[in-house]
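Just below is one structure, and these are the notes that go with it.
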Ligand SMILES: [Zn+2]
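Right under this line is the structure:
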């Protein structure tokens, strides 16, 4: 199953718009007799052309990925069993920790500009403990691992409780005032070491963003 198919089936939108163009789908590369021309699907200011592969049209399944502005503007979660729903970013952490019944997929929007879920065509998830999701600022799908995420969230809560600003946490804690707050914590050396490794980890970037004090 692809992400387009999961969205169509979960939203009962199987009567997808179909076209008459013969050719290859720009997203899944499959040949189709009922392709939809790109100019009928994406607007003139569409910015995600680099996400596409060689082809000349969208197939009736992949066109779903571009058929609704809500996929770009809102954070959402989709599951074959539990359906499709959008959520405010204040609830993003709760959704990451408690995703719906597999198969499912989850996307977190920020500014609502980039279609980063297009990079996750085949990243449908069958495990609630180790799964891929997309986060608008990062162009590639991110692996959520429950154990690693748990340690990151616990660390994040300790740092927020110590009143260390998120921008400092993201930077690995370098400002003297933030270093002082860090050094007042039990086991701060271990926390500091973890931060230097996590700085380059996309999952950490998400956890820093979605964890609230
Ligand atoms: Zn396709």
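In this note's numbering, the protein residues as written are 6 to 218.
C-beta atoms are modelled at their ideal positions from N, C-alpha and C, and glycine is treated no differently.
It should be emphasised that the depicted structure is a prediction, and the values quoted were computed from it without experimental measurement.
Exposure of residue 65, with buried meaning 16 or more beta-carbon neighbours within 10 Å: By the Cβ-count criterion, residue 65 is buried, with 16 or more other Cβ atoms from all chains shown falling within 10 Å of its own Cβ.
Shortest alpha-carbon distance to residue 151 belongs to which of 99, 33 and 55? Looking at 99, 33 and 55, the one whose alpha-carbon comes closest to that of residue 151 is 99.
For residue 3, which residues from the same chain have a beta carbon less than 8 Å from its beta carbon, with the 5 sequence-adjacent residues on both sides left out? Residue numbering for the chain in the displayed model covers 6 to 218; residue 3 lies beyond these limits and cannot be assessed.
State the start and end residues of the unbroken alpha helix (DSSP H) segment that holds residue 78. Where residue 78 is concerned, the enclosing alpha helix (DSSP H) stretches over 75–78.
Residue of 31, 79 and 27 minimising C-alpha distance to residue 139: For the residues 31, 79 and 27, the minimum Cα distance to residue 139 belongs to 79.
For residue 146, which three-state DSSP category applies? In the three-state DSSP reduction, residue 146 falls in the strand class (E or B).
Does the distance from the CB of residue 213 to the CB of residue 174 come in under 8 Å? The answer is yes: Cβ separation under 8 Å.
Residue 76 and residue 107 closer than 8 Å at C-beta: Not a contact, by the Cβ cut-off of 8 Å.
Flag this pair as yes or no: are the beta carbons of residue 9 and residue 69 separated by less than 8 Å? It is a contact, given that the beta carbons lie within the stated cut-off.
Within the chosen definition, does the segment 111–123 reach the segment 50–61 through at least 3 CB pairs nearer than 8 Å? These segments touch.
Apart from the five residues just before and just after residue 59, which ones in its own chain have a Cβ nearer than 8 Å to its Cβ? Take residue 59, set aside five residues on each side of it, and the residues of its chain with a beta-carbon closer than 8 Å to its own are 29, 31 and 34, in chain order.
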